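Asks: All residue numbers for the sequence shown refer to our numbering, where the first residue is 1 and numbers rise by one. The C-beta atom is built at its ideal place from N, Cα and C for all residues, glycine as well. No experiment lies behind these values; they were computed from the predicted model shown. Dropping a structure here in structure tokens format, bear with me for questions.
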Amino acid sequence: MDERDEIEPSIFNKYVYHLKVWLMITQLQHHILGELTESQLMHLFESAELIELKANTKFIHEGDKEPFFYYIIEGAVSIFIHSGKQQYVLATLLKGETVGEIALIDEGPRSASVKTLKDTKLYKFDINKLKSEPEFSNTLATLTKIISNQLSNRLRYTNAATVAALEKKYIMSIFSIRMLILLSVYALSLNLIVISKHYLPNANFISVSMILVYVVVLFSIVRQSSYPLSFYGFNKENLFKNCSEAILYSIPIMGLILLLKWWLIVSIPSLHHLALFDPSAIFQHGVTFSLKIYLISILLYSVFTPAQEFVVRGCIQTSLQHLLDGPHAQVKWKAIFISNLIFASAHSHLSMGFALSTFIPGIFWGWLFYRQKSLIGVSISHFLIGVWAVFFVGIQSII
Numbered sequence: 001m002d003e004r005d006e007i008e009p010s011i012f013n014k015y016v017y018h019l020k021v022w023l024m025i026t027q028l029q030h031h032i033l034g035e036l037t038e039s040q041l042m043h044l045f046e047s048a049e050l051i052e053l054k055a056n057t058k059f060i061h062e063g064d065k066e067p068f069f070y071y072i073i074e075g076a077v078s079i080f081i082h083s084g085k086q087q088y089v090l091a092t093l094l095k096g097e098t099v100g101e102i103a104l105i106d107e108g109p110r111s112a113s114v115k116t117l118k119d120t121k122l123y124k125f126d127i128n129k130l131k132s133e134p135e136f137s138n139t140l141a142t143l144t145k146i147i148s149n150q151l152s153n154r155l156r157y158t159n160a161a162t163v164a165a166l167e168k169k170y171i172m173s174i175f176s177i178r179m180l181i182l183l184s185v186y187a188l189s190l191n192l193i194v195i196s197k198h199y200l201p202n203a204n205f206i207s208v209s210m211i212l213v214y215v216v217v218l219f220s221i222v223r224q225s226s227y228p229l230s231f232y233g234f235n236k237e238n239l240f241k242n243c244s245e246a247i248l249y250s251i252p253i254m255g256l257i258l259l260l261k262w263w264l265i266v267s268i269p270s271l272h273h274l275a276l277f278d279p280s281a282i283f284q285h286g287v288t289f290s291l292k293i294y295l296i297s298i299l300l301y302s303v304f305t306p307a308q309e310f311v312v313r314g315c316i317q318t319s320l321q322h323l324l325d326g327p328h329a330q331v332k333w334k335a336i337f338i339s340n341l342i343f344a345s346a347h348s349h350l351s352m353g354f355a356l357s358t359f360i361p362g363i364f365w366g367w368l369f370y371r372q373k374s375l376i377g378v379s380i381s382h383f384l385i386g387v388w389a390v391f392f393v394g395i396q397s398i399i
């Protein structure tokens, strides 16, 4: 909301706020106002206008010339810019910080907009008024000097941060290229998996073996990167919480899988003969059920699951999160969506239905990985849901 006309001065408790703000600032040695004398501070705030804004009120407008700067008494504000239809948040400022002070040394248009994130109280300083009164000349000179020093420090910091960001994008780009090469080799190898269906009780054996080889290669690439393993999801922090969440969140999905199969069996006449639970569904082309192979398959799946999560979530999703640009929420969901398209395509050799069925839980696992920043919880959830769907319910018999 853009409510310039709704900014009204508060007319009560002004001097109480003066005292609070003065006490706050005198304790902040590195604050922009911290180098002013006590008399300068009190005089400055006596000339200010106390305003109270509702949440989501824009009070500094990108491109406008506004001779004001503000001091935040209570609340929080967001600094952002627009590029086309996209909005990019640059910083969040809290109680005790100033905003818009660049107008003291630069009379040009605002380079960014500022809005409140919640109900906020601020002091509004009129720069033209301060400049017109000789008694503020020393105060303005001190503030100008402080801001100039801060801009110099910020420029050095920005240069260092820009170099670090470019370096991260470069490393992630190289990593992504190598990863895509491996995935391309995997896609070209799918023909081998299709042929093996006629000779093996379950073609997943070939698929698992191939992916494990790629995991070893990818892990060696990860070790050679300049980032710690925790960057790629090898993180044991909040272990109990992450495991508990993974189990708790997986139970409803397991129930939905069972409900879906029951509904399809009841609704489609050609599926009436299917059992609700079908452990033998993994044995294709009339191969006789073998408990030994069944248990070995579950064991292999327990190894395959974290390996697959490392590739899809730890490598692909993580690299996309640091390569894509845009608002935070959009980057998150784009990374999750794209990584799951790749995840689903890795199952296309089984059937299009099976590939599609992996996409939906994959979105959930992408969200869980983003939430926990760890491969442990998402691997547990993947194992539980996968074993339930494939080895107990036999979901592949209907897809």
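Under a three-way DSSP split, which group does Leu50 fall into?
Replies: Position 50 of the sequence shown, counted from the first residue, corresponds to residue 50. Here Leu50 sits in strand by DSSP.
Asks: Check each candidate in Tyr214, Leu291, Lys168, Asn149 and name the one with the smallest Cα separation from Leu180.
Replies: Sequence index remark: in the sequence shown, residue 180 carries index 180 (1-based). Ranking Tyr214, Leu291, Lys168, Asn149 by Cα distance to Leu180 puts Tyr214 first.
Asks: Express the C-alpha separation of Val312 and His30 in angstroms, rounding to a whole number.
Replies: Position 30 of the sequence shown holds residue 30. Position 312 of the sequence shown holds residue 312. Confidence is the limiting factor: at His30 the pLDDT is only 47, short of 50, which leaves the residue's position unreliable and the question unanswerable from this model.
Asks: Kindly indicate which residue of Ile257, Pro134, Phe343 has the alpha-carbon position closest to the one of Phe310.
Replies: On the sequence shown, residue 310 is found 310 positions in, with the first residue counted as 1. If we check each option's Cα against that of Phe310, Phe343 comes out closest.
Asks: Leaving out five residues on either side along the sequence, give the residues of the same chain with a beta carbon under 7 Å from the beta carbon of Phe68.
Replies: As a first step, residue 68 must be located in the sequence shown, where it is residue number 68. Closer than 7 Å at Cβ, skipping near neighbours: Gly100, Ala103, Lys124, Phe125, Asp126, Ile127.
Asks: Ignoring anything shorter than 4 residues or poking outside the stretch 220-281, list the alpha helix (DSSP H) runs there in chain order.
Replies: Counting only runs of at least 4 residues, the stretch 220-281 fully encloses the following alpha helix (DSSP H) elements, listed from N- to C-terminal order: 239-267.
Asks: In three-state terms, what does DSSP make of Ala389?
Replies: Taking the first residue of the sequence shown as position 1, residue 389 is located at position 389. In the structure shown, Ala389 sits in a helix (DSSP, three-state: H, G or I).
Asks: Since Phe359 contacts Asn340 with CB under 8 Å, what's their CB separation in whole angstroms?
Replies: In the sequence shown, counting from the first residue as 1, residue 359 sits at position 359. In the sequence shown, counting from the first residue as 1, residue 340 sits at position 340. Going by Cβ atoms, the distance from Phe359 to Asn340 rounds to 5 Å, so yes, they are a contact pair.
Asks: Mapping the DSSP letters down to three states, classify Asp5 as helix, strand or coil.
Replies: Reading the sequence shown from its first residue, position 5 is the one you call residue 5. Unreliable placement is indicated for Asp5, whose pLDDT of 44 sits below 50; the coordinate value is still reported in the next sentence. Here Asp5 sits in helix by DSSP.
Asks: Evaluate Pro109 with the Cβ neighbour count: other Cβ atoms within 10 Å of its Cβ, from every protein chain shown; 16 or more gives buried, anything less gives exposed.
Replies: Within the sequence shown, residue 109 is the residue found at index 109, counting from 1. That one is exposed.
Asks: Just confirm the distance between the C-beta atoms of Leu320 and Lys169, as a whole number of angstroms; I'd bet it's less than 8 Å.
Replies: In the sequence shown, counting from the first residue as 1, residue 320 sits at position 320. In the sequence shown, counting from the first residue as 1, residue 169 sits at position 169. Their Cβ separation, rounded to whole angstroms, is 12 Å, which puts Leu320 and Lys169 out of contact at 8 Å.
Asks: Which of helix, strand or coil does DSSP assign to Ile399?
Replies: Counting from one through the sequence shown, the residue named residue 399 turns up at place 399. Secondary structure at Ile399: coil, using DSSP grouped into helix, strand and coil.
Asks: Would you call the stretch 265-272 and the stretch 382-390 touching, i.e. three or more CB-CB distances under 8 Å?
Replies: no
Asks: Where does Lys85 fall in DSSP's three states?
Replies: Here residue 85 refers to the residue found at position 85 when the sequence shown is read from its first residue. Reduced to three states, the DSSP call for Lys85 is coil.
Asks: Tell me, which residues are paired with Glu74 by DSSP?
Replies: Indexing the sequence shown from 1 puts residue 74 at position 74. Answer is Lys121.
Asks: How is Phe80 classed by DSSP in three states: helix, strand or coil?
Replies: Along the sequence shown, one-based indexing puts residue 80 at 80. Looking at Phe80 - three-state DSSP - the assignment turns out to be strand.
Asks: Between which two residues does the alpha helix (DSSP H) carrying Thr305 extend?
Replies: Taking the first residue of the sequence shown as 1, we reach residue 305 at position 305. 291-309 is the extent of the alpha helix (DSSP H) around Thr305.
Asks: Would you verify that the beta carbon of Ala346 is, or is not, closer than 8 Å to some beta carbon of chain D?
Replies: Within the model displayed, chain D is absent; a lone protein chain is all it includes.
Asks: From the DSSP secondary-structure annotation, give me the bridge partner or partners of Ala91.
Replies: Walking along the sequence shown from the start, residue 91 turns up at place 91. In DSSP, Ala91 forms a bridge with Ile79.
Asks: What's the call for Ala329, buried or exposed, on a 16-neighbour Cβ count within 10 Å?
Replies: Taking the sequence shown and counting its residues from 1, the one referred to as residue 329 is at position 329. Label assigned to Ala329: exposed.
Asks: Could you check where the beta strand (DSSP E) with Thr116 kicks off and where it finishes?
Replies: Your numbering for residue 116 matches position 116 in the sequence shown. Residues 113-116.
Asks: Just to confirm, are Arg156 and Ile221 a CB contact at a threshold of 8 Å?
Replies: Along the sequence shown, read from residue 1 onward, the residue named residue 156 stands at position 156. Along the sequence shown, read from residue 1 onward, the residue named residue 221 stands at position 221. Not a contact, by the Cβ cut-off of 8 Å.
Asks: Quick one: what's got a C-beta closer than 7 Å to Ser173's C-beta in the same chain, skipping five residues either side?
Replies: As a working mapping, residue 173 is identified with position 173 in the sequence shown. Leu323.
Asks: Which residues does DSSP pair with Thr98 in a beta bridge?
Replies: By 1-based counting over the sequence shown, the position of residue 98 is 98. Paired residues: Tyr71.
Asks: Need the endpoints of the beta strand (DSSP E) that Ile60 sits in, please.
Replies: Your numbering for residue 60 matches position 60 in the sequence shown. Note, Ile60: beta strand (DSSP E), 58-60.
Asks: Among Gly96, Ser78, Ser83, which one has its Cα closest to the Cα of Tyr71?
Replies: Here the question's residue 71 lines up with position 71 in the sequence shown. Nearest option by C-alpha distance: Gly96.
Asks: So, Ile171 versus Ser225, is the Cβ gap smaller than 8 Å?
Replies: Counting from one through the sequence shown, the residue named residue 171 turns up at place 171. Counting from one through the sequence shown, the residue named residue 225 turns up at place 225. Cβ atoms of Ile171 and Ser225: closer than 8 Å.
Asks: Would you decide whether Thr318 is buried or exposed? Buried here means 16 or more other CB atoms lie within 10 Å of its CB.
Replies: As a first step, residue 318 must be located in the sequence shown, where it is residue number 318. Buried, since its Cβ has 16 or more Cβ neighbours within 10 Å.
Asks: Does Trp365 pass the burial test, meaning 16 or more other C-beta atoms within 10 Å, or should it be called exposed?
Replies: Here residue 365 corresponds to residue number 365 of the sequence shown, with the count starting at 1. That one is buried.
Asks: Tell me which residues share the same chain as Asn242 and place their Cβ nearer than 7 Å to its Cβ, disregarding the 5 neighbours each side in the sequence.
Replies: Sequence index remark: in the sequence shown, residue 242 carries index 242 (1-based). Result list for Asn242: Gln372, Ser374, Ile376, Gly377, in chain order.
Asks: Using the Cβ count rule (16 or more neighbours within 10 Å means buried), how would you classify Ser152?
Replies: For this step, residue 152 is matched to residue 152 along the sequence shown. By the 10 Å Cβ count, Ser152 comes out exposed.
Asks: Just to check my reading of the structure: Phe354 and Ile399 have Cβ atoms closer than 8 Å, yes? What is that Cβ distance to the nearest angstrom?
Replies: On the sequence shown, position 354 is the one that residue 354 refers to. On the sequence shown, position 399 is the one that residue 399 refers to. About 5 Å; that satisfies the 8 Å criterion.
Asks: Using the C-alpha atoms, what's the distance from Val185 back to Leu117?
Replies: Position 117 of the sequence shown, counted from the first residue, corresponds to residue 117. Position 185 of the sequence shown, counted from the first residue, corresponds to residue 185. In a straight line, the C-alpha of Leu117 is about 48 Å away from that of Val185.
Asks: Closest to Ser414 by CA distance: which of Gln150, Asp64, Glu135 is it?
Replies: Residue 414 is absent from the structure shown; the chain starts at 1 and stops at 399.
Asks: Whole angstroms is fine: what's the gap from Val303's alpha carbon to Leu212's?
Replies: For the purposes of this step, residue 303 is taken as the residue at position 303 of the sequence shown. For the purposes of this step, residue 212 is taken as the residue at position 212 of the sequence shown. Computed Cα separation, rounded: 9 Å.
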